[in-house]
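Throughout the sequence shown, residue numbering follows mature numbering (1 follows the signal peptide of the UniProt record, and there is no 0), covering -22 to -1, 1 to 300 in sequence.
Cβ coordinates follow ideal geometry from the N, Cα and C atoms, glycine included.
Quick caveat, the model's predicted, so the values are computed rather than measured.
What follows is a short report on a single structure.
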Amino acid sequence: MTKLHHSLFAAGLAVAATPVLGDTWDFPTPYGDGIFHTANIQQFAEEVEAATDGGLDFTIHSAGSLFPHAEIKGAVRSMQVPIGEFFLSRLSNEDAAYGLDSQPFVATSYEDARKLWEAQEPVITELLAAEGLMPLFSVPWPAQGLYTTGEIETVDDLNGLRFRAYNAQLEEFAALAGAAPVQVEAPDIPQAFSTGQVEAMITSPSTGANSKAWDFLSHYSPINAWVPKNLVVVNQRAFDRLPEDQQQAIMDAAEAAEQRGWEMSMAEAEEKTQELADNGITVYEPSEELVAGLQAIGQDMLETWNENASDEAKEILDAYRN
Ligand code: PCA
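Structure (structure tokens):
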């Protein structure tokens, strides 16, 4: 052994004896720590960290603290961060395929949502691949319900209300109901209500309970209008650069996270509705008249959707319905 070889060998030993310093991936999400999606992501991160012996670590930046929601997808695309989460139907302006899970009364149960995701996934995977992104897992929110002060008997009762929206479709829905939509990110809900910026909303029991809706609202109706999803994506180049065992660890943890996330969501639907009631919110079934009015709005929106949808997007809806 030459002297050089000798010292390289010694250096190798020294490296082996100290803990290997792995990569740390920043992982931005729009939602807060108290939300089950974030808890699920935390567990995903821990599983990858364990499986790679700390070779790949994550720093989760919740509640839009690293990038605002609207910038997360672009940040992953431009590799400012390798991975991130966002609300899938927020991309409905880019392609109608993304918006289907926020179309009112298209998919209204977990079973529907599962079927819709199966139809959406191949198309969305291809759309994102064209941007250098790969979907890892998608998890639904509980079905979306109506929060107000006072009981809503018909769509007319929504007329003129300042209505919190989280994407273009909810904005369209609120406008068609005669309400005045205002975009507010989930972590800003309590402040938006307490300052009077908004006075009604449609969201899940999870987000309602997490924002302590009882502090500023009194009524909740599980209209179960749609079951929208979050999506976690990774930058394809960042992924390809990883050693194969780390790639496998990510894929395995992603599959587990999708499975676990759907189960968490189903459990939340009941638990969080109960939490709303326990904190004094009146939970009431919507009247037939209200449902009919909301469905008519959904029908209108679907016609507009059809006008803007690509053939591939329309095929998703056909595949879902057949
Ligand atoms: N919570 C998120 C998205 C859908 C949901 O249930 C929000 O209100 O922004």
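Chain-order list of residues whose beta-carbon lies under 8 Å from that of residue i (same chain, five-residue window excluded)
i      : result
Glu281 : none
Ala170 : Arg142, Val160, Val162, Val176
Leu158 : Checking the sequence shown, residue 158 turns out to be Ala, not Leu. The residues are Gly138, Leu139, Arg140, Phe141, Ala152.
Val54  : Pro60, Ile61, Gly62, Leu111, Val211, Val212, Asn213
Ser196 : Thr126, Thr127, Gly128, Gly258, Ile259, Thr260
Glu285 : none
is_contact[residue i, chain C] using C-beta, thresh 9 Å
i     : result
Asp90 : In the structure shown, chain C does not exist; there is a single protein chain.
Buried/exposed call for residue i, threshold 16 Cβ in 10 Å
i           : result
Gln237      : exposed
Asp79       : buried
Arg299      : exposed
Gly128      : exposed
Glu150      : buried
Gly174      : exposed
Asn208      : buried
Ser116      : buried
Gln252      : exposed
Gln277      : exposed
Glu246      : buried
residue 355 : As shown, the chain starts at -22 and ends at 300. That puts residue 355 outside it, with no answer to give.
Ser184      : buried
Thr30       : buried
Ala108      : exposed
Pro82       : buried
Phe(-14)    : The predicted position of Phe(-14) is uncertain, since its pLDDT is 43 and thus under 50; a value taken from the coordinates is nonetheless stated next. Phe(-14) should be labelled exposed.
Met242      : buried
Asn71       : exposed
Pro221      : exposed
Element boundaries [beta strand (DSSP E), containing residue i]
i           : result
Gly123      : 123 to 126
Leu34       : 34 to 39
residue 328 : The displayed coordinates of the chain run from -22 to 300. Any statement about residue 328 would go beyond what the structure contains.
Leu111      : 111 to 118
Asp166      : First-last for Asp166: undefined, no H or E at that position.
Ala146      : Run containing Ala146: none in the beta strand (DSSP E); it sits in the alpha helix (DSSP H), 146 to 154.
Thr2        : 1 to 6
Ile61       : 61 to 65
Ala143      : 140 to 143
Inter-residue CB distance, residue i and residue j (contact presumed, cutoff 8 Å)
i     : j     : result
Leu94 : Asp73 : Going by Cβ atoms, the distance from Leu94 to Asp73 rounds to 15 Å, so no, they are not a contact pair.
Endpoints, alpha helix (DSSP H) assigned at residue i
i           : result
Gly52       : 47 to 55
residue 351 : Given that the chain is displayed from residue -22 to residue 300, the structure contains no residue 351 and the question cannot be resolved.
residue 302 : Absent from the structure is residue 302, since the part of the chain shown begins at -22 and ends at 300.
Gln21       : 14 to 29
Cβ neighbours of residue i in the same chain (closer than 6 Å, five flanking residues each side left out)
i      : result
Pro165 : Gly10, Ala41
Ser265 : Glu131
Val101 : Ala75, Glu290, Ile294
Glu267 : Thr132
Met179 : Tyr125, Arg142
Lys250 : Pro183, Ser184, Ala187
Spatial neighbours of residue i in its chain, beta-carbon cut-off 7 Å, leaving aside the 5 residues before and after
i      : result
Ser188 : Before going further, note that residue 188 is Asn rather than Ser in the sequence given. Result list for Asn188: Gly10, Gly12, Ile13, in chain order.
Gln273 : Phe83
Lys25  : Note on identity: in this sequence residue 25 is Glu, with Lys being the wrong assignment. Closer than 7 Å at the Cβ level, and outside the excluded window around Glu25, lie Ala231, Ala234.
Task: Runs of alpha helix (DSSP H) lying entirely within the region 68 to 95, each at least 4 residues, in chain order - done: 74 to 77
Task: Secondary structure, alpha helix (DSSP H): runs of 4+ residues fully inside the region 172 to 253 - done: 183 to 188, 214 to 218
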